[in-house]
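Under the numbering used here, the first residue of the first sequence is numbered 24, with each subsequent residue one higher.
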Amino acid sequence: MKAIVDCNSFYCSCERVFRPDLEQKPVVVLSNNDGCIIARSKEAKAIGIGMTGPYFKAKPLIEKYGVEAFSSNYNLYGDMSWRVMETLKTILGENKVEVYSVDEAFLDVHGFTSAQLQTLAKEIKNTIEKWTGVKVSIGIAPTKTLSKLANRISKKQDGITVLSDDNKIIHALQSTSVNDIWGIGHQYKEKLLNFGIYTAWDLRNLSEEWARKNLGGVVGIRLIKELNGQEAIVMDKDLTNKKMIATTRMFGNAVTDLADIKEAIATYTARAAEKLRRQQSAASIISAFVVPKENTTAPHFTHGPSISTYTILPQPTSLTNELIKPAMKMADQLFEAGKKYKKAGIVLSGLVPDSCIQANLFTPGRSIGRYLMEMIDNINFSMRDDMVKFASSGTKRNWKMRQAFHSPRYTTRWNELYEIS
DNA sequence: TCTGGGGTCCTAGGACCC
DNA sequence: TCTGGGGTCCTAGGACCC
24 MKAIVDCNSF
34 YCSCERVFRP
44 DLEQKPVVVL
54 SNNDGCIIAR
64 SKEAKAIGIG
74 MTGPYFKAKP
84 LIEKYGVEAF
94 SSNYNLYGDM
104 SWRVMETLKT
114 ILGENKVEVY
124 SVDEAFLDVH
134 GFTSAQLQTL
144 AKEIKNTIEK
154 WTGVKVSIGI
164 APTKTLSKLA
174 NRISKKQDGI
184 TVLSDDNKII
194 HALQSTSVND
204 IWGIGHQYKE
214 KLLNFGIYTA
224 WDLRNLSEEW
234 ARKNLGGVVG
244 IRLIKELNGQ
254 EAIVMDKDLT
264 NKKMIATTRM
274 FGNAVTDLAD
284 IKEAIATYTA
294 RAAEKLRRQQ
304 SAASIISAFV
314 VPKENTTAPH
324 FTHGPSISTY
334 TILPQPTSLT
344 NELIKPAMKM
354 ADQLFEAGKK
364 YKKAGIVLSG
374 LVPDSCIQAN
384 LFTPGRSIGR
394 YLMEMIDNIN
404 FSMRDDMVKF
414 ASSGTKRNWK
424 MRQAFHSPRY
434 TTRWNELYEI
444 S
């Protein structure tokens, strides 16, 4: 059996832990740049604020009902997430917990009776709420896909749903629309509806062959298996090392200057290189892209094409300066004078273990570079806020994003600690 | 006026090899 | 005049997730 533990309106819950006055009130959290709504409390959903809609469109509603809006505070959410995950590991043991996202974890819970699972779920739920202040919902079922379904149902009940026998599972499948299944997105939903497949139950009864043809090959087959109670999506014990690392941002305002673009790309490169070193990898490919701001009258928002290029590095590296150099060259290539840009980013791929630490006997110059990076990382980690930067990252930062409603980083900055008066 | 920022996995098809 | 068949590797792009 698999369980999934999911934090309710996670970002909103994090803000509320330190603002108990907002307990029963509508709260939303905005994306970077205060562009989109990315989390809504139950109360905010109830007054009709849509998911991932643009903030400006919801603004009338937000003002009318006095909804509390926060800019995203990833320092706070990251730390709260760590607390929740550590709590789970304390209860079940490290190797039973697979952290799936910032607010979700799968648990391996085989070998329990149905009644024991209920008790266990209650214990987990209560402990997390007590230790961290975050409320969670728990779904338990034979496979990951079914446990996600159980979790969905639990949100409408008391936060715990165990689908332990066939009757319960069948009933759950029959009362769930096909697009509410984990793994069915917008495209597949349309396709399935065209075939007259409306519920999870309809989908479960299709053949694997059909799924192979129509739902993305082996992905579709896995889905059908999972709905039928056969585990096809395995626990992944080691999600710590990424296969690619990206840092991309929308600009606060459209940018027209090459110098600004280069500052931004240098900053993103430095950030990505930091992530790279944290997992002790080196990158063999760096790509850069910019997204021009289009004058569109299209009714639906589209991201527009991005213009990109890449550089294959002479040897894999994790040194910021060795990554910034090609990044700057690519920025020169991508930039067109007279155009406005709204976004830029870099992606590091072809990641390999950073052998520089051992190989320094033959390339002594590089090991000095590695020590320098370690020092910079340590200083930036202890002092925070990028005390030490590369000159190309700039100091003006005309392109920086807007964040008008930022809450204090209560748990990760001494000078922003919660105060009781 | 204003619409995020990460990631993963998979497939098709081209390039290339013998 | 006639121009195979099988395999690998790589990339672009699609689909999904939170």
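Idealized CB from N, CA, C, for every residue including glycine.
{"Check": "Element boundaries [alpha helix (DSSP H), containing residue 344]", "Outcome": "343-357"}
{"Check": "Whole-number beta carbon distance between residue 28 and residue 176, since they are thought to touch under 8 Å", "Outcome": "Their Cβ separation, rounded to whole angstroms, is 15 Å, which puts residue 176 and residue 28 out of contact at 8 Å."}
{"Check": "Range covered by the beta strand (DSSP E) that runs through residue 274", "Outcome": "268-278"}
{"Check": "Supposed close pair residue 207, residue 186 - CB separation, criterion 8 Å", "Outcome": "Their Cβ separation, rounded to whole angstroms, is 18 Å, which puts residue 207 and residue 186 out of contact at 8 Å."}
{"Check": "Nonlocal neighbours in the same chain, by C-beta distance under 6 Å from residue 422, ignoring five residues either side", "Outcome": "274, 278, 283 and 287"}
{"Check": "Within 8 Å, strictly: CB atoms of residue 293 and residue 332", "Outcome": "no"}
{"Check": "CB of residue 223 within 8 Å of CB of residue 244, strictly", "Outcome": "no"}
{"Check": "Beta carbon of residue 214 nearer than 8 Å to that of residue 129", "Outcome": "no"}
{"Check": "Nearest-angstrom Cβ-Cβ length linking residue 329 and residue 314, presumed shorter than 8 Å", "Outcome": "5 Å"}
{"Check": "Assumed close pair residue 435, residue 366 - CB separation to whole angstroms, cut-off 8 Å", "Outcome": "Not a contact, Cβ separation roughly 27 Å."}
{"Check": "C-alpha distance - residue 54 paired with residue 90, whole-angstrom precision", "Outcome": "16 Å"}
{"Check": "Residue 29: first and last residue of the uninterrupted beta strand (DSSP E) it sits in", "Outcome": "25-30"}
{"Check": "The stretch 149-167 contacting the stretch 29-44, beta-carbon criterion three pairs below 8 Å", "Outcome": "yes"}
{"Check": "Per-residue DSSP class, three states only, for residue 181", "Outcome": "coil"}
{"Check": "Local conformation of residue 238 per DSSP, three classes", "Outcome": "coil"}
{"Check": "For residue 157, the first and last residue of its enclosing beta strand (DSSP E)", "Outcome": "Residue 157 -> no beta strand (DSSP E), and no H or E assigned at all."}
{"Check": "Limits of the alpha helix (DSSP H) - the one that residue 193 falls within", "Outcome": "189-197"}
{"Check": "Between the CA atoms of residue 218 and residue 380 - distance to the nearest angstrom", "Outcome": "Summary for residue 380: the model assigns pLDDT 48, below 50, so the residue's position carries little reliability; its value from the coordinates is reported in the next sentence. C-alpha separation (whole angstroms): 56 Å."}
{"Check": "Rounded C-alpha distance that separates residue 154 from residue 285", "Outcome": "44 Å"}
{"Check": "Spatial distance of residue 369 from residue 265 (CA atoms)", "Outcome": "15 Å"}
{"Check": "Integer Cβ distance of residue 426 from residue 57, believed to fall under 8 Å", "Outcome": "6 Å"}
{"Check": "Nearest neighbour of residue 152, chosen from 103, 197 and 79 [CA to CA]", "Outcome": "103"}
{"Check": "Three-state class that DSSP yields for residue 170 in the structure shown", "Outcome": "helix"}
{"Check": "Spatial distance of residue 183 from residue 221 (CA atoms)", "Outcome": "26 Å"}
{"Check": "Sequence-distant residues of its chain with Cβ nearer than 7 Å to residue 112 (five each side left out)", "Outcome": "120"}
{"Check": "Option in 97, 48, 361 and 66 with minimal Cα separation from residue 433", "Outcome": "97"}
{"Check": "Spatial distance of residue 62 from residue 337 (CA atoms)", "Outcome": "43 Å"}
{"Check": "Cutoff 7 Å; reference residue 67; Cβ partners in own chain excluding five residues on either side", "Outcome": "49, 50, 51 and 90"}
{"Check": "Neighbourhood of residue 362 by C-beta, 6 Å cutoff - its chain only, sequence neighbours within 5 removed", "Outcome": "315"}
{"Check": "Exposed unless 16 or more other CB atoms sit within 10 angstroms - verdict on residue 377", "Outcome": "buried"}
{"Check": "Proximity to residue 295 [Cα-Cα], best of 349, 307 and 269", "Outcome": "269"}
{"Check": "Three-state secondary structure (DSSP) of residue 317", "Outcome": "coil"}
{"Check": "Buried versus exposed, by CB contacts within 10 Å (16 or more), residue 198", "Outcome": "exposed"}
{"Check": "Reduced DSSP secondary structure (H/G/I, E/B, other) of residue 363", "Outcome": "coil"}
{"Check": "First through last residue of the beta strand (DSSP E) which encompasses residue 45", "Outcome": "From DSSP, residue 45 is part of no beta strand (DSSP E); its letter is neither H nor E."}
{"Check": "Spatial distance of residue 339 from residue 306 (CA atoms)", "Outcome": "5 Å"}
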